[in-house]
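See below for the structure under consideration.
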Ligand SMILES: [Zn+2]
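In my numbering, the protein residues as written are 2 to 269.
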C-alpha cells in the first residue's frame with residue numbers, strides 16, 4: 002500500500018480507511034480548531050451529557066437541585082476537555098459581534114432596554130420568565146430570513162471562544178419551544194454559557210471548539226414567538242455566568258458596543 006505502483010489500485014474504501022487512520026494518529030493539539038472540532042466531537046462525553054441535561058432542564062424533567070449538581074460537576078470536565086483539545090483563552094477585548102456585518106447600532110440598539118434579567122432562572126427551562134438577552138435584528142422586512150439588501154442568509158458568529166455544549170437542530174411551526182433551533186457554547190475564559198436562539202440552520206455540533214468570529218449558524222425565525230408575523234427577524238443572545246453550578250444572566254451591553262464587526266463576505 003505504500004509503493005507508488007499500488008496507488009491506483011487503492012479502492013475508495015481503502016483510501017478512506019487510510020485517511021481515518023492517518024487522522025486518528027495525528028497529534029490532536031496540532032490540528033486546527035475546525036478539524037479538531039469535527040474529529041473529536043464524539044469523544045467529549047461530558048459535552049454530550051450536558052446536552053442531554055440541558056434538554057431535561059428545558060423540558061422541566063429534572064429537579065432544580067439535581068440539575069444544578071450536574072452542571073457543577075460537568076462544566077469543569079468540559080473545560081478540561083476543551084483546554085486539552087486546543088481551545089484558546091479569549092478575553093472580552095477579543096469578542097466579535099455575533100451577527101456578521103452588524104454593529105450594536107445597526108442591530109437595533111435600544112440602549113439595553115430589552116435586557117430584563119429579573120425573574121429569570123435557567124432551571125425554569127422553556128417556562129422561564131424575564132428576557133436576560135439582547136435581540137439583534139437583521140434587515141429582513143420580507144420575513145424570509147434573508148438580508149433585504151443582499152438576498153443572502155446572515156451568519157451567526159461565535160461572540161466568544163469556547164466549546165459547543167448543546168444544540169437543537171429540529172424545530173417545527175407547531176412546537177412550543179421558544180428558542181427554536183439554538184446553540185449553547187461554554188466560554189471557558191469567562192466561565193459563561195452563551196445562548197444563540199431562533200436560528201434558521203445550525204452549523205456546529207456538540208463538542209466543537211470555537212473561537213470568536215467562527216460561523217456557527219444562520220439567523221432565522223425559529224421559536225414559538227420568533228416565528229410569529231409580528232416578530233422582526235433576530236438573533237436572541239444570552240450570556241450566563243456560571244457560579245457554583247448556577248448560570249446567572251450578566252449584562253454584556255458594553256461588550257457588545259465594543260465587539261469587533263466581521264464584514265459580511267457572502268460566504269456560502
Ligand atoms: Zn429575545
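For glycine and all other residues, C-beta sits at the position ideal for the given N, C-alpha and C.
Looking at the structure shown, is residue i part of a helix, part of a strand, or coil, going by DSSP?
i: residue 180; result: coil
i: residue 154; result: strand
i: residue 133; result: strand
i: residue 169; result: strand
i: residue 262; result: coil
i: residue 250; result: strand
i: residue 51; result: helix
i: residue 79; result: helix
i: residue 85; result: helix
i: residue 239; result: strand
i: residue 72; result: helix
In or out: residue i buried (at least 16 other Cβ within 10 Å) or exposed?
i: residue 239; result: buried
i: residue 244; result: exposed
i: residue 44; result: exposed
i: residue 133; result: buried
i: residue 99; result: buried
i: residue 41; result: Unreliable positioning characterises residue 41 in this predicted model, as indicated by a pLDDT of 45, which lies under 50. The coordinate reading is nonetheless provided below. Residue 41 is buried by the Cβ-count criterion.
i: residue 161; result: buried
i: residue 52; result: buried
i: residue 304; result: This structure gives no information on residue 304, because the portion of the chain shown stretches from 2 to 269.
i: residue 71; result: buried
i: residue 163; result: buried
i: residue 111; result: exposed
i: residue 151; result: exposed
i: residue 130; result: exposed
Closer than 5 Å between the C-beta and any heavy atom of ligand 1: which residues qualify, listed along the chain?
The answer, residue by residue, is 134, 136 and 237.
Using 8 Å as the cut-off, can you tell me whether the stretch 240–260 makes contact with the stretch 109–116, which would need three or more C-beta pairs spanning the two stretches below that distance?
With the cut-off at 8 Å, the stretch 240–260 and the stretch 109–116 touch.
Could you tell me which uninterrupted beta strand (DSSP E) segments, each at least 3 residues in length, are contained entirely in the stretch 186–215, listed from first to last along the chain?
Counting whole runs of 3 or more residues, the stretch 186–215 contains the beta strand (DSSP E) stretches 193–200.
So, does the stretch 197–217 touch the stretch 179–189, judging by three or more C-beta pairs under 8 Å?
In this structure the stretch 197–217 touches the stretch 179–189; the number of beta carbon pairs closer than 8 Å is three or more.
Do the stretch 119–139 and the stretch 78–85 make contact, defined as three or more Cβ pairs closer than 8 Å?
Cβ pair count under 8 Å is below three, so no.
When the Cβ atoms of the stretch 60–67 are set against those of the stretch 91–109, are three or more pairs found closer than 8 Å?
With the cut-off at 8 Å, the stretch 60–67 and the stretch 91–109 do not touch.
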